[in-house]
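*Asks:* Have a look at this one.
Shown next as structure tokens:
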């Protein structure tokens, strides 16, 4: 017999400016996950995944994104609470609009080298490696939320 688990669905998107080869980053101001990361957020109940990332990016950056590609998935599982968090990782070079700032954090275009040298949000280095295909994996899973460490499948 299978038990149901509580699942939190989230997303994030790497937006690359093809002219400058810079990546849109968000320096998060919130204490729950501070540091450099990519724009994104929660999937609302009943919301399609791609529509959710388009909505989140628009809310956080003012940009409308399109032609998205799914790059990978990250999930954490807390056995004690029977909870899972899943992040769908998207990438695009197609966007329009004017960049704005939001209460989530400071949005800025950075080179990959600037991101790697910057203060990244916890576990963002591992998430970034999925986008860069540094180890060839498209899915990462963590079953030890206390260690806050991603296990490579």
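Numbering (the working numbering), first residue to last: 3 to 155. Every residue, glycine too, gets a C-beta built ideally from N, C-alpha and C.
#1: Quick one: complete beta strand (DSSP E) runs, 3+ long, within the region 45-95?
#2: Would you list the residues sitting across from residue 35 in a DSSP beta bridge?
#3: With a threshold of 16 other CB atoms inside 10 Å of the CB of residue 35, please say whether the residue is buried or exposed.
#4: Report yes if the CB atom of residue 29 is closer than 8 Å to the CB atom of residue 110, and no otherwise.
#5: Looking only at its chain, what residues have a beta carbon closer than 6 Å to the beta carbon of residue 31, apart from the 5 residues adjacent to it on each side?
#6: If you reduce the DSSP assignment to three classes, tell me which class residue 14 lands in.
#7: Return yes when the Cβ of residue 89 is within less than 8 Å of the Cβ of residue 75, no when it is not.
#8: Is residue 26 helix, strand or coil by DSSP?
#9: What residues in its chain sit with their C-beta under 7 Å from that of residue 22, if we drop five residues either side in the sequence?
#10: Measure the C-alpha to C-alpha separation of residue 126 and residue 5 and round it to an integer number of angstroms.
#11: What's the call for residue 68, buried or exposed, on a 16-neighbour Cβ count within 10 Å?
#12: Excluding the five sequence neighbours on either side, which residues of its own chain have a C-beta within less than 6 Å of the C-beta of residue 130, listed in chain order?
#13: Rounded to whole angstroms, what is the Cα-Cα separation between residue 37 and residue 117?
#14: For residue 100, which residues from the same chain have a beta carbon less than 7 Å from its beta carbon, with the 5 sequence-adjacent residues on both sides left out?
#15: Provide the residue span of the beta strand (DSSP E) that contains residue 110, from first to last.
#16: Hey, would you say residue 66 sits closer than 8 Å to residue 44, going by beta carbons?
*Replies:* Reading it off the structure:
#1: Complete beta strand (DSSP E) runs here, min 3: 66-68, 71-80, 85-94.
#2: Answer is none; residue 35 lacks a bridge partner.
#3: exposed
#4: Closer than 8 Å, so yes.
#5: 107
#6: In the structure shown, residue 14 falls within a strand segment according to DSSP collapsed to helix, strand and coil.
#7: yes
#8: strand
#9: 111
#10: 30 Å
#11: exposed
#12: Excluding residues within five positions, none has a Cβ falling inside 6 Å.
#13: 10 Å
#14: 64
#15: 107-112
#16: Between residue 66 and residue 44, the CB-CB gap reaches or exceeds 8 Å.
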